[in-house]
Amino acid sequence: MTQPTIETLTPVTWNVTPGDAPEGTPQARIGILALQGDFLEHSMMLQHLGVRPVEVRLPRDLDAVDALILPGGESTTMVRLLDLHDLREPLQQRVRDGMPVWGTCAGMILMAKSLVEDRPEPLALMDITVSRNAYGRQLESFEIDLAIPDLGDTPVHTFFIRAPGFVEMGPDVEVLARLSDGTPVAARAGVKIATAFHPELTNDFRFHAFFIAIANEELAQRQ
Ligand code: GLN
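First residue of the sequence shown: 4, per our numbering; consecutive thereafter.
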């Protein structure tokens, strides 16, 4: 696999002015797993798009959401806290029942059916096998402009920070984006999405808008 070059990570500012929710469609309540990692950044992205997110820390918080984001951070810590708070089983059940879920970076590790590494024990939410340290120590962080056809013609500026990689994907998993050497870095299976990078660390709101649309559509179908 050809590795992209490392670049200095660009500091990011967020426009956190709360936006207006689009009218006309049912508005899904979007939760963010808020045990560890960059849940606040996801929260600001959603607020900009007119969505007031729900922070999920306890099983009962899941009752107040229609969709869930699993943020970047440190997957072993996140899984430990998740099990401490007895969230594993109720979260798995909600996803089995069709709740849209999106994991970014460490969140993608949580989504995996299995990991190459021994730890942590992932939640098996999506039919993907993931390696936590796909880019190795030397090249563990980089930023790159990525073509993501589902988000339009303009490439998305993306940050890979000690990013995981897809090792295997089930037949129902569709690749949403690849590096120029073909390495898949974003994938979707129905209402489940996994991204190796961090859309929450940019000023580009398209990926969050994409997930909100999926969540709203799923809610509309259930009503
Ligand atoms: N490599 C980290 C892990 O294993 C994930 C890094 C991230 O979320 N930026 O948890």
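Even for Gly, the Cβ is constructed at its ideal location relative to N, Cα and C. Quantities reported herein were computed from a predicted structural model and do not represent experimental measurements.
Round the Cβ separation of Leu43 and Val59 to the nearest angstrom and send it over; I've been treating them as touching at under 8 Å.
Here residue 43 corresponds to residue number 40 of the sequence shown, with the count starting at 1. Here residue 59 corresponds to residue number 56 of the sequence shown, with the count starting at 1. That belief does not hold up - the Cβ atoms of Leu43 and Val59 are roughly 14 Å apart, past 8 Å.
- Item | Euclidean distance between Cα positions of Val104 and Thr198 | By one-based count along the sequence shown, residue 104 stands at place 101. By one-based count along the sequence shown, residue 198 stands at place 195. Here the alpha carbon of Val104 sits roughly 11 Å from the alpha carbon of Thr198.
Close beta carbons around Pro56, own chain, < 6 Å, minus the five adjacent residues each side:
Reading the sequence shown from its first residue, position 53 is the one you call residue 56. So the list reads Ile33, Ile35, Ser46 and Leu49, once near-sequence residues are dropped.
ask   = Where do the ends of the beta strand (DSSP E) carrying Val170 lie?
value = Looking up residue 170 in the sequence shown gives position 167. Segment Gly168 to Met172, the beta strand (DSSP E) holding Val170.
*asked:* Less than 6 Å between C-beta atoms, sequence neighbours within five positions excluded: which residues of the same chain meet that for Leu73?
replied: The sequence position of residue 73 within the sequence shown is 70, counting from 1. Spatial neighbours of Leu73 in its own chain (CB-CB distance under 6 Å, excluding positions within 5 residues in sequence) are listed in chain order as Leu36, Gly106, Gly110 and Leu113.
Q: Go ahead and pull the three-state DSSP assignment for Glu160.
A: On the sequence shown, residue 160 is found 157 positions in, with the first residue counted as 1. The question names Glu, but residue 160 is His in the sequence shown. In the structure shown, His160 sits in a strand (DSSP, three-state: E or B).
Sequence-distant residues of its chain with Cβ nearer than 7 Å to Ala218 (five each side left out): Within the sequence shown, numbered from 1, the residue matching residue 218 stands at position 215. In chain order, Ala31, Ile33, Asp69, Ala70 and Pro103 place their CB closer than 7 Å to the CB of Ala218, counting only its own chain and leaving out the 5 sequence neighbours on each side.
* To do: Using the Cα positions of Ile9 and Leu182, report the straight-line distance between them to the nearest angstrom.
  => Counting from one through the sequence shown, the residue named residue 9 turns up at place 6. Counting from one through the sequence shown, the residue named residue 182 turns up at place 179. Because the pLDDT at Ile9 is just 41, under 50, the model does not fix this residue reliably, and the value given afterwards should be weighed accordingly. Straight through space, the alpha carbons of Leu182 and Ile9 are spaced by roughly 14 Å.
Those residues, in chain order, that have a beta-carbon closer than 5 Å to some heavy atom of the ligand GLN: Per the CB criterion, closer than 5 Å to any heavy atom of the ligand GLN, the qualifying residues run in chain order as Gly75, Glu77, Ser78, Cys108, Ala109, Arg135, Ile164 and Arg165.
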